[in-house]
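Presented below is the structure to which this report refers.
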Amino acid sequence: MAELERTETEKLVIQAKDFKGHQYIDFRIYYLADEDQWRPTQKGVTVAPKLWEDFKKGVEEAEVLLKAEGLL
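17 is the number that the working numbering gives to position 19 of the sequence shown; each next residue is one higher, with no gaps.
Below, the structure written as structure tokens:
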């Protein structure tokens, strides 16, 4: 879905995942391993579709706060 570079050796990967027959959206930090392969870390969050609207609302509220502070 999307990859956002954090540093030369870290990126945020957003992807749809299937786990035990259930769909999720996964936001996960990946790191560049020694053998030039990207590997997932335990740092991340998985959002079930039923929580998506609440999650999105929280992100939108965070955006409002960041803009109010002049950070965006």
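All C-beta atoms in this analysis are idealised placements derived from N, C-alpha and C, irrespective of residue type, glycine included.
Check: Please state the DSSP three-state secondary structure of Asp24.; Outcome: strand
Check: Mind checking whether Tyr29 and Thr7 have CB atoms under 9 Å apart?; Outcome: yes
Check: Closest by CA to Leu2, which one among Glu33, Asp52, Phe25?; Outcome: Phe25
Check: Along the chain, where does the alpha helix (DSSP H) that runs through Asp16 open and close?; Outcome: Premise fails: Asp16 lies in the beta strand (DSSP E), 8 to 17, not in any alpha helix (DSSP H).
Check: Just list the residues that DSSP pairs Glu1 with in beta bridges.; Outcome: Val11
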